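K.L.:
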Amino acid sequence: MQIFFPSEIGLCFGIKRALQLTNKELNRGKKVYLWGDLVHNPQIMKDLKEKGAKVVFSLSRIKEGTLVTRSHGADPHLIKEAKLRGLKVVDTTCPYVQRVHKVAKKLSEDSYKVVIIGLKSHPEVKGVIAGIEKAFVVKDPQEAEKIPPMRKMGVIVQTTETLDNFKNIVKNLVEKVEECKVFNTICKVIRERQKATELLAKKVEAMIVVGGYNSSNTQKLAKLCQSLKVKTYFIEKDEDLKVEEWKNFEKIGITGGTSTPFEVIERTKRKLLSMIGEKGV
Ligand code: F3S
Numbered sequence: 003m004q005i006f007f008p009s010e011i012g013l014c015f016g017i018k019r020a021l022q023l024t025n026k027e028l029n030r031g032k033k034v035y036l037w038g039d040l041v042h043n044p045q046i047m048k049d050l051k052e053k054g055a056k057v058v059f060s061l062s063r064i065k066e067g068t069l070v071t072r073s074h075g076a077d078p079h080l081i082k083e084a085k086l087r088g089l090k091v092v093d094t095t096c097p098y099v100q101r102v103h104k105v106a107k108k109l110s111e112d113s114y115k116v117v118i119i120g121l122k123s124h125p126e127v128k129g130v131i132a133g134i135e136k137a138f139v140v141k142d143p144q145e146a147e148k149i150p151p152m153r154k155m156g157v158i159v160q161t162t163e164t165l166d167n168f169k170n171i172v173k174n175l176v177e178k179v180e181e182c183k184v185f186n187t188i189c190k191v192i193r194e195r196q197k198a199t200e201l202l203a204k205k206v207e208a209m210i211v212v213g214g215y216n217s218s219n220t221q222k223l224a225k226l227c228q229s230l231k232v233k234t235y236f237i238e239k240d241e242d243l244k245v246e247e248w249k250n251f252e253k254i255g256i257t258g259g260t261s262t263p264f265e266v267i268e269r270t271k272r273k274l275l276s277m278i279g280e281k282g283v
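Take 3 as the starting number for the sequence shown in the numbering used here and just add one per residue.
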């Protein structure tokens, strides 16, 4: 059996940066509060909690310490409130997400109705909406049909969205407006990861997608592989690999989301090899 990785794998620079900033605070021995899961990955979250970080969803009981916000952005009102309470704020918002905030704000100031392509429930989208007056959120072409006609529309997209979904939605939206500004704010790292995964999925018989079940970009990699009709297994950790028909496959690909550490991918590979009784390839 041969096991392949895509050319793009491991943590993205935005997550690495968020972890460096958080670990720096933890090493200072101060109380560190994370606003929700810093990263959508169970292994990373376990490690941060073991080092003393606490996940919170409310500031009401916090008297001192550092509040760390997510790489996928935060509500600007939250940051303001934390500072008013005397807390130190470490904002780990990734530069790609900062760009989405900036573009949304500018569009709104210039009287464009903002449409965000993405998921209403995703922290990034919530953070962007909180920073502007009003926005429509659409997740698929069907939802785009329901957007009312308007004069000036500004379209942005969640950094983890797929290019295909973005293009299909934009096609429907432009029919509804006199003037439309479209910004492709999909993260470059995500686009490259999707491309590399697609290339790999086309040359293997099975794909194992590793990452947090709550990680938007990992979910999308799994969907992408499924859409290419390759047998796809979506797991969070090596222990999730079940005794399957691995011996029936000659070529298997392993990929992971941008929040999946490379060690977790390597552990998955070792587990797979041990399940089929091979030592290495
Ligand atoms: Fe930033 Fe893209 Fe990673 S938005 S956090 S570099 S997935």
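Note that CB positions come from ideal geometry on N, CA and C, so glycine has one too. A quick note: this is a predicted structure, and the numbers were derived from the prediction, not measured.
Kindly list the residues whose CB is nearer than 8 Å to the CB of P151, restricted to its own chain and excluding five residues on each side of it in sequence; keep chain order.
P.N.:
The count along the sequence shown starts at 1 and reaches residue 151 at position 149. Hits under 8 Å: K178 and V179.
K.L.:
Given 8 Å as the limit, tell me if G156 has its C-beta closer than that to any heavy atom belonging to the ligand F3S.
P.N.:
Here residue 156 corresponds to residue number 154 of the sequence shown, with the count starting at 1. No, Cβ of G156 sits at least 8 Å from all heavy atoms of the ligand F3S.
K.L.:
Can you list, in chain order, the residues of its chain whose CB lies under 7 Å from that of A132, leaving out five sequence neighbours each side?
P.N.:
Against the sequence shown, residue 132 aligns to sequence position 130. Closer than 7 Å at the Cβ level, and outside the excluded window around A132, lie D77, P78 and H79.
K.L.:
Measure how close the beta-carbons of E27 and V70 come, nearest whole angstrom, since I'm counting them as under 8 Å.
P.N.:
On the sequence shown, position 25 is the one that residue 27 refers to. On the sequence shown, position 68 is the one that residue 70 refers to. Their Cβ separation, rounded to whole angstroms, is 7 Å, which keeps E27 and V70 in contact under 8 Å.
K.L.:
With DSSP collapsed to three states, give me the class of E163.
P.N.:
Here residue 163 is taken as the residue at index 161 of the sequence shown, counted from 1. Three-state result, E163: coil.
K.L.:
Should I158 be flagged as near chain C, meaning a C-beta pair shorter than 9 Å?
P.N.:
Absence of chain C from the displayed structure is noted, only one protein chain being present.
K.L.:
Look at the alpha carbon of N219 and the alpha carbon of S62, and state the distance between them as a whole number of angstroms.
P.N.:
To locate residue 219, count along the sequence shown from 1; it is residue 217. To locate residue 62, count along the sequence shown from 1; it is residue 60. Roughly 32 Å between the two C-alpha positions.
K.L.:
Measuring straight from C-alpha to C-alpha, what distance separates C189 and E241?
P.N.:
For this step, residue 189 is matched to residue 187 along the sequence shown. For this step, residue 241 is matched to residue 239 along the sequence shown. Cα to Cα, C189 sits roughly 30 Å from E241.
K.L.:
Note down, in chain order, each residue of its chain lying with its Cβ closer than 7 Å to the Cβ of K53, except the 5 sequence neighbours on either side.
P.N.:
Start at 1 with the first residue of the sequence shown, and residue 53 comes out as number 51. The residues are L28.
K.L.:
Assign E10 to one of two classes, buried (16 or more other C-beta atoms within 10 Å of its C-beta) or exposed (fewer than that).
P.N.:
Here residue 10 corresponds to residue number 8 of the sequence shown, with the count starting at 1. The residue is buried, with at least 16 neighbouring Cβ atoms inside 10 Å.
K.L.:
Run through DSSP, which three-state label would C189 get?
P.N.:
For the purposes of this step, residue 189 is taken as the residue at position 187 of the sequence shown. Three-state DSSP puts C189 in coil, outside helix and strand.
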